[in-house]
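If you read the sequences in order, they're chains A, B, C and D.
If you want our numbering, it's the 1-based position in the first sequence plus 766.
If you want our numbering, it's the 1-based position in the second sequence plus 766.
If you want our numbering, it's the 1-based position in the third sequence plus 766.
If you want our numbering, it's the 1-based position in the fourth sequence plus 766.
Each residue gets a CB set at the ideal place from its N, CA and C atoms; glycine is no exception.
Beneath this line is the structure, given in structure tokens, with notes to follow.
Number of protein chains: 4
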Amino acid sequence: MRFYSDNTATAAPEILAAIAEANQGHTIAYGDDPWTQRLDEVLGQFFGTEVRAFAVTTGTAANSLSLATLSPPWGAIYAHEEAHIGADECGAPQFFSGGAQLVSLLGANGKLTPEAIRAAVDKHPANVHTVQPTVVSLTQATELGTAYRPDEIAAISKLARERGLAVQMDGARFANAVAFLGCHPGDVTWRAGVDVLSFGATKNGALAAEAVVFFNLERVRDFEFRRKRAGHLISKSRFVAAQLLAYVESGVWQRNARRANTLAQQIGRAAGSTLMYPVEANEVFVRLGEPRKASLRAAGFGFYDWGPARSGEARFVASWDQREEDVAALCKALNESELA
Amino acid sequence: MRFYSDNTATAAPEILAAIAEANQGHTIAYGDDPWTQRLDEVLGQFFGTEVRAFAVTTGTAANSLSLATLSPPWGAIYAHEEAHIGADECGAPQFFSGGAQLVSLLGANGKLTPEAIRAAVDKHPANVHTVQPTVVSLTQATELGTAYRPDEIAAISKLARERGLAVQMDGARFANAVAFLGCHPGDVTWRAGVDVLSFGATKNGALAAEAVVFFNLERVRDFEFRRKRAGHLISKSRFVAAQLLAYVESGVWQRNARRANTLAQQIGRAAGSTLMYPVEANEVFVRLGEPRKASLRAAGFGFYDWGPARSGEARFVASWDQREEDVAALCKALNESELA
Amino acid sequence: MRFYSDNTATAAPEILAAIAEANQGHTIAYGDDPWTQRLDEVLGQFFGTEVRAFAVTTGTAANSLSLATLSPPWGAIYAHEEAHIGADECGAPQFFSGGAQLVSLLGANGKLTPEAIRAAVDKHPANVHTVQPTVVSLTQATELGTAYRPDEIAAISKLARERGLAVQMDGARFANAVAFLGCHPGDVTWRAGVDVLSFGATKNGALAAEAVVFFNLERVRDFEFRRKRAGHLISKSRFVAAQLLAYVESGVWQRNARRANTLAQQIGRAAGSTLMYPVEANEVFVRLGEPRKASLRAAGFGFYDWGPARSGEARFVASWDQREEDVAALCKALNESELA
Amino acid sequence: MRFYSDNTATAAPEILAAIAEANQGHTIAYGDDPWTQRLDEVLGQFFGTEVRAFAVTTGTAANSLSLATLSPPWGAIYAHEEAHIGADECGAPQFFSGGAQLVSLLGANGKLTPEAIRAAVDKHPANVHTVQPTVVSLTQATELGTAYRPDEIAAISKLARERGLAVQMDGARFANAVAFLGCHPGDVTWRAGVDVLSFGATKNGALAAEAVVFFNLERVRDFEFRRKRAGHLISKSRFVAAQLLAYVESGVWQRNARRANTLAQQIGRAAGSTLMYPVEANEVFVRLGEPRKASLRAAGFGFYDWGPARSGEARFVASWDQREEDVAALCKALNESELA
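This is how it looks when you write it as structure tokens:
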């Protein structure tokens, strides 16, 4: 009964079917295939605006390539201290950008605020002695399983515009956030001022597929050179594009996100007073104490520790394909544990 | 009738079947899955020696990650002027290595020689004023469709050892070379002194899978940090590993390479006096002249120009899944063209 | 009456004399001159232990070259949030290191503590997903004009050793700290566990000269390749080495530092209750309020704002060659201002 | 009797005098001093056009900072195979540019030709698979002691413009070339289409001073961030600027270059039939054979080997301060040797 992460999940049958369907006949490689060439149109319709979309196979690549495109080597990238780009990518943004400086900010529930960003940007005046403010990076859903509301994003983007910063969004769990908010995908991206989105599909049912989606078309610039040079232009590109097309066109994105969210809600309710943050996506953070974590593990539940060592915190992730009986068992165990 | 490149080809059914078979149940991500954990053993058996093997999704990533692992930023990497790493990867080795210098060498039939390497290395003495010799990069099969013989590789490796250089091999078409030579995979790698191989599967029937295979285990060093940091550690890693396992264990590697080679031999024979290099893998280079190229294209044959503009040179690549009737038609057209 | 920074000061006559004296006859360039070749010995005697010392012309180069030598691109470098390497060098450490991650830590009076470092290092466990702890960077004297005591440094170094980190010291104002502490230069460096020191001379009387001093000789590794490749190996190297030799051998380092410290003490006493930090080097930080800052400026005193905009904070730096009457005038003005 | 290189020479008295003169009173650091602020005007008058000029302390920094400003990381920089940037700077251009690819070209007498450049540029078509042509780098005087004529440079610049390339000039020995040609400094720079010049002073009488001179002001872009970030913004910048101002305003540049050239001409004539290239600056290349080299060394002459090992080639450099009797002795020895 594994609740480690949604990347332990399988790929959805629609995704495998799309790959099989794309596997017919010769087609030009490196993006000049019919599948890749439909990406802009299909994702444009999905988001409700003109976009330029590029397929890659990892979220780290999606984030780092877009950040490097937005920021020169002497840029400052502002992100929450929990952000994947700072905490879990082994310095990838610095590698791709040629050494941009990540600035870690605090904020409740995993969210940045305009105030925190403003204070940080003020420390980097316009002279050659400091790194220069270039990008705000948001994570939607956040690393703590919460979702930015459209107006929260818009307020950040407004500040970003005033200070000359681009807004990048790490959307590894974007579908979960949109499913929770019940909004249009455009409402938490371009309509709220986001310039570029890492639109994740892998965690939510794809094999290995993420789209870098530019809403601000002027920002695309040299993205394609960066992607090729980083080894992220897949030769048989049809197979990545086909996953993304199926993800959006079949409705897999929404079906899978809704199911995972629902299961996470159940777990969150079972967690009761141990719940640390509102459950607004498919992740549940609980402060159980080390003994209860140990007994859950002894009972067969797999999950990651969270927070500082011996803090008693834990993270449970509900994947799109999580078995209902496993979730029910976990809820039961958490309930008993809560009552004990 | 497309003869552009073997990356226009489909994936082999065995590969898709292996992906589907791996798509069951939850498994830990980022390489801690049973498929990835079998790679060392299975590839070790394939090559006949202990290896450390790492899965990635592109040849550019495989080459650049291994070169960056072998060479500091001030290293000199010696390669043939036709080598993919210098001509077709948008400077990826420089990006991954932090700016190592590629040194282009000449050599008949796309092959390096100990003499050419020695002369180049001599230009980089051991002081801080010049880049320092670190790696010889060979391509097997070469970019001109020929195959290094075991003793040719051994002679280069001997020099490399004497001068303190590592030997890296770009094996995007490694299976084609081994199939042509009829040798054991170890004969043109570790037995001949190769330290690291980019073992390509994509062009020869995989979806997107290449293995970086270290024969010299001391050279692995920080490879895994480099891979993660470059966004090339696939989260659902089982799906890349499963391709590589099937590629080797099912015999797809050999069956596909033999078929492609055989078809290329047919095309080479049809090319007659226009043939530029021996056909020892699945690529055929011909000097047809621009008018004959134009008429072949008018007749429906797709292929890339080669060499300088208006040189009349062309490249035909036989893919593993090339239709026999298409090859027959091409041979006929080349024959007629030859006779005309 | 300029109290902006000690880099607005002149060079000491002994330094210019040493340059003139070195300007005789031909001598081999790029460090193979008699002046440069004496650096190890002379600085070794100064510090009381065997060292390897390398001359460069800026503090940014000294810090960044040593950090890049100590840390791979995926390393984490821990420093105080006020540290010059993070706040004032436009991302130089990231550039030189190929993208290492700077981690900003808080600490009273500009000083790091073992506790703050331990908590930060704990966030970077030994796996490929996060940057890896590699260096603690201390500034002596600190950016807030205080000086680490030998036991404070030793406690940090002890933790660093336990966790596998190197200890680098930014000593742009090293002489001021030693002059204040009245200790031996070795007491706050190698005897306290420091691996590498950026030993600054420029601010304290040189023209343009800093020495990177390795106490831990195993750490030197590829420093010389990095220096050359960064354009920091001066061709007529005798002129930089001669400055460093004169700085140490003539006693300029101590005389100048003592004088600047004494003047700063005077200013600090005059500042009275507005003083923000103990004056332990040649910098004085005061919270004057914006009106008093304005009137001081109107009276002809030049100095930089400090802290957040409109915080009313200011920094006064006493240079080695500051005129006594200017300091007296400043003290008088601060006193009156204090009393007003 | 040292003929190793002109960087073994002393600094001219006018340069030291200028430094001493600048060493009075406090002045703002990091380029906001009166000396630095005169650079644009004084060098603009020298070159006869509006320029932006930036002082650094090494030629490697000057070249690499300008190349990095002109070329993205995926750019191709075309230079002669003898060029300092490729042969003697330990890969600095790759480091500063984030991995641009140096392309080595052949050409008689150390000079590039439009034909060689055109053929090389043709190998890098406008797609993501190859590095993109961005800069032609010329060396004036060349590494073989010859000087490009204005029309030779103009022809290269014309091609560069047509192909979208910038033209950078490594002018470590620029004064020697201009003195030989008897032309205006503008004739071999902006009037001939050069965008940026590394205007060297160190080899010709300065202590450590080079100016990066932009004739194409739009190309300046982010140069200042790059310089700071690389540790090449000198804090007491007045002392570097003062050298450059004195170099130009006092006529030292011309006096020293003429003298060195004249001495080299004498050596060249003495070399007779062993002379390898026309002597058009202050370097003399001779093919003496190993025995004659050995006897010259035994007679007390210091010089570097040149060319491949045991080729019998040697380089003699006449510095601005070379003693006449030493040159006379060398000429005599070469003559005898020639006659022997």
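- Task: Identify each residue in the region 989-1004 of chain B for which the Cβ-Cβ distance to at least one residue of chain A is less than 8 Å, and report them in chain order.
- Result: Phe991, Lys994, Arg995, Ala996, Gly997, His998, Leu999, Ile1000, Ser1001 and Lys1002
task: Please say whether aspartate 1092 (chain A) and asparagine 970 (chain A) have beta carbons closer to each other than 8 Å?
output: Residue mapping note: residue 970 (chain A) aligns to position 204 of the first sequence, counting from 1. Residue mapping note: residue 1092 (chain A) aligns to position 326 of the first sequence, counting from 1. No, Cβ-Cβ distance for asparagine 970 (chain A) and aspartate 1092 (chain A) is not below 8 Å.
Next item on the list: Might you give, ordered along the chain, the residues of its own chain that have their beta carbon closer than 7 Å to the beta carbon of glycine 1073 (chain A), omitting 5 neighbours on each side?
Entry: Numbered from 1 along the first sequence, position 307 holds the residue referred to as residue 1073 (chain A). Here the set comprises Glu1079.
(request) Just the chain B side, please: which residues come within less than 9 Å of histidine 895 (chain D) by C-beta, in chain order? (result) Position 129 of the fourth sequence, counting from 1, holds the residue named residue 895 (chain D). Going along chain B in sequence order, the residues near histidine 895 (chain D) (Cβ under 9 Å) are Ala853, Asp854, Glu855 and Cys856.
Check whether isoleucine 851 (chain B) and valine 901 (chain B) have beta carbons under 8 Å apart: If you number the second sequence from 1, residue 851 (chain B) lands on position 85. If you number the second sequence from 1, residue 901 (chain B) lands on position 135. No. Outside cutoff.
Query raised in the report: Got a sec? Which residues, its chain only, sit under 8 Å from arginine 1076 (chain A) by beta carbon, not counting five neighbours each side?
Result: What you label residue 1076 (chain A) is simply residue 310 of the first sequence in a count that begins at 1. Taken in chain order, the residues that qualify are Glu1056.
At which residue ranges does the region 943-993 of chain C contain complete beta strand (DSSP E) runs of 3 or more residues, listed in the order of the chain? 962-966 and 976-980
Query raised in the report: Would you call the region 807-823 of chain D and the region 1036-1043 of chain C touching, i.e. three or more CB-CB distances under 8 Å?
Result: no
Does DSSP classify histidine 846 (chain D) as helix, strand or coil? Within the fourth sequence, the letter at position 80 stands for residue 846 (chain D). Of the three classes helix, strand and coil, the one that applies to histidine 846 (chain D) here is strand, per DSSP.
Output the distance between the C-alpha atoms of glycine 937 (chain C) and isoleucine 919 (chain B), rounded to the nearest integer angstrom. As a position in the third sequence, residue 937 (chain C) is number 171, starting the count at 1. As a position in the second sequence, residue 919 (chain B) is number 153, starting the count at 1. Computed Cα separation, rounded: 52 Å.
**Request:** Please list, in chain order, all residues of the same chain as serine 737 (chain B) whose beta carbon is under 7 Å from its beta carbon, the five residues on each side excluded.
**Result:** Nothing can be reported for residue 737 (chain B): it is not among the residues displayed for chain B, which extend from 767 to 1106.
Note to self: Below 8 Å on C-beta distance, what does phenylalanine 864 (chain D) contact in chain A?
What the structure shows: Within the fourth sequence, numbered from 1, the residue matching residue 864 (chain D) stands at position 98. Before going on, a small fix: residue 864 (chain D) reads as glycine here, not phenylalanine. Result: Pro839 and Gly864.
Exercise. Of all Cβ atoms in chain A, is any one closer than 8 Å to the Cβ of leucine 973 (chain C)?
Worked result: Here residue 973 (chain C) refers to the residue found at position 207 when the third sequence is read from its first residue. By this cut-off, leucine 973 (chain C) is not an interface position.
Between the C-alpha atoms of glutamate 1049 (chain C) and serine 1001 (chain B), what's the straight-line distance to the nearest angstrom?
Numbered from 1 along the third sequence, position 283 holds the residue referred to as residue 1049 (chain C). Numbered from 1 along the second sequence, position 235 holds the residue referred to as residue 1001 (chain B). Cα to Cα, glutamate 1049 (chain C) sits roughly 51 Å from serine 1001 (chain B).
| query | Should glutamate 787 (chain C) be labelled buried (16 or more other beta-carbon atoms within 10 Å of its own) or exposed? | reply | For the purposes of this step, residue 787 (chain C) is identified with residue 21 of the third sequence, where counting begins at 1. Exposed, because fewer than 16 other Cβ atoms sit within 10 Å of the Cβ of glutamate 787 (chain C).
**Message:** Checking the sheet assignment: what are the DSSP bridge partners for alanine 932 (chain D)?
**Reply:** Taking the first residue of the fourth sequence as position 1, residue 932 (chain D) is located at position 166. Beta-bridge pairing links alanine 932 (chain D) to D:Val901.
Check: Which bits of chain C does alanine 1075 (chain A) rub up against, with CB to CB less than 8 Å?
Finding: Translated into the one-based positions of the first sequence, residue 1075 (chain A) becomes position 309. Simply Asp888.
Whose CA, out of B:Ala945, B:Phe981, B:Ser1003 and B:Ala967, lies closest to the CA of aspartate 961 (chain B)? Stepping through the second sequence from its first residue, residue 961 (chain B) is reached at position 195. For aspartate 961 (chain B), the nearest C-alpha among the options comes from B:Phe981.
Practice problem: Pick out whichever of C:Ala1099, C:Leu782, C:Tyr796 and C:Gly814 has its Cα sitting closest to the Cα of proline 956 (chain C). | Solution: For the purposes of this step, residue 956 (chain C) is taken as residue 190 along the third sequence, with counting starting at 1. For clarity, residue 956 (chain C) is tryptophan in the given sequence; the question names proline instead. Cα-wise, what sits closest to tryptophan 956 (chain C) is C:Gly814.
So, helix, strand or coil for glycine 937 (chain D), using DSSP? Looking up residue 937 (chain D) in the fourth sequence gives position 171. Strand.
Considering only residues of the same chain and omitting the five flanking positions on each side of leucine 963 (chain C), which have a CB-CB separation below 6 Å? Position 197 of the third sequence, counted from the first residue, corresponds to residue 963 (chain C). Met935, Gly937, Thr955 and Val979, listed in sequence order.
request  = Consult DSSP for aspartate 854 (chain C) and reduce its assignment to one of helix, strand or coil.
outcome  = Locating residue 854 (chain C) in the third sequence gives position 88, where the first residue counts as 1. Correct three-state label for aspartate 854 (chain C): coil.
Taking the alpha carbon of alanine 941 (chain B) as the point to measure from, which residue in B:Cys856, B:Ser923 and B:Gly911 has its own alpha carbon closest? Position 175 of the second sequence, counted from the start, is the residue given in the question as residue 941 (chain B). Taking only the C-alpha atoms, the option nearest alanine 941 (chain B) is B:Gly911.
| request: Count the other C-beta atoms from every protein chain shown that fall within 10 angstroms of the C-beta of alanine 885 (chain B), then say buried if there are 16 or more, exposed otherwise. | output: In the second sequence, residue 885 (chain B) corresponds to position 119, counting from 1. With fewer than 16 other Cβ atoms within 10 Å, it is exposed.
In whole angstroms, give me the CA-to-CA distance for histidine 895 (chain D) and valine 1045 (chain B). Along the fourth sequence, read from residue 1 onward, the residue named residue 895 (chain D) stands at position 129. Along the second sequence, read from residue 1 onward, the residue named residue 1045 (chain B) stands at position 279. Taking the straight line joining both Cα atoms gives about 25 Å.
Decide if asparagine 1022 (chain C) is buried, meaning its Cβ has at least 16 other Cβ atoms within 10 Å, or exposed. Here residue 1022 (chain C) refers to the residue found at position 256 when the third sequence is read from its first residue. Classification of asparagine 1022 (chain C): buried, given that the 10 Å Cβ count is 16 or more.
- prompt: Alpha carbon to alpha carbon, what distance is there between glutamate 909 (chain B) and alanine 849 (chain B)?
  reply: One-based indexing of the second sequence puts residue 849 (chain B) at position 83. One-based indexing of the second sequence puts residue 909 (chain B) at position 143. In a straight line, the C-alpha of alanine 849 (chain B) is about 6 Å away from that of glutamate 909 (chain B).
Report task. Could you tell me which residues DSSP puts in a beta bridge with tyrosine 1070 (chain D)? Result -> Taking the first residue of the fourth sequence as position 1, residue 1070 (chain D) is located at position 304. BP columns for tyrosine 1070 (chain D) point to D:Arg1081.
Task: Simplified DSSP assignment, three categories, for alanine 892 (chain C) - done: Numbered from its first residue, the third sequence carries residue 892 (chain C) at position 126. If DSSP states are grouped into helix, strand and coil, alanine 892 (chain C) belongs with coil.
The alpha helix (DSSP H) spanning leucine 1011 (chain A) covers which residue range? Position 245 of the first sequence holds residue 1011 (chain A). 1004-1015 is the span of the alpha helix (DSSP H), which, as asked, contains leucine 1011 (chain A).
Please check if any C-beta of chain B sits within less than 8 Å of the C-beta of phenylalanine 981 (chain D).
-> Counting from one through the fourth sequence, the residue named residue 981 (chain D) turns up at place 215. Phenylalanine 981 (chain D) does not count as touching chain B.
field: serine 903 (chain D) versus glycine 873 (chain B): straight-line alpha-carbon distance, rounded
entry: Indexing the fourth sequence from 1 puts residue 903 (chain D) at position 137. Indexing the second sequence from 1 puts residue 873 (chain B) at position 107. Distance between the alpha carbons of serine 903 (chain D) and glycine 873 (chain B): 27 Å.
- prompt: Is leucine 868 (chain C) close to chain A, meaning its C-beta is less than 8 Å from at least one C-beta of that chain?
  reply: Taking the third sequence and counting its residues from 1, one reaches residue 868 (chain C) at position 102. Interface residue, yes.
Check your understanding: If you follow the beta strand (DSSP E) that glutamate 1049 (chain A) is part of, which residue opens it and which one closes it?
Key -> Taking the first sequence and counting its residues from 1, one reaches residue 1049 (chain A) at position 283. From DSSP, the beta strand (DSSP E) with glutamate 1049 (chain A) extends over 1049-1053.
Do you know whose CA, among A:Pro899, A:Glu990 and A:Gly997, lies nearest arginine 992 (chain B)'s CA? One-based indexing of the second sequence puts residue 992 (chain B) at position 226. That would be A:Gly997, whose Cα lies nearest to the Cα of arginine 992 (chain B).
| task | Could you tell me the distance, in whole angstroms, from the CA atom of lysine 889 (chain D) to the CA atom of glycine 857 (chain B)? | result | On the fourth sequence, position 123 is the one that residue 889 (chain D) refers to. On the second sequence, position 91 is the one that residue 857 (chain B) refers to. Whole-angstrom Cα-Cα distance: 14 Å.
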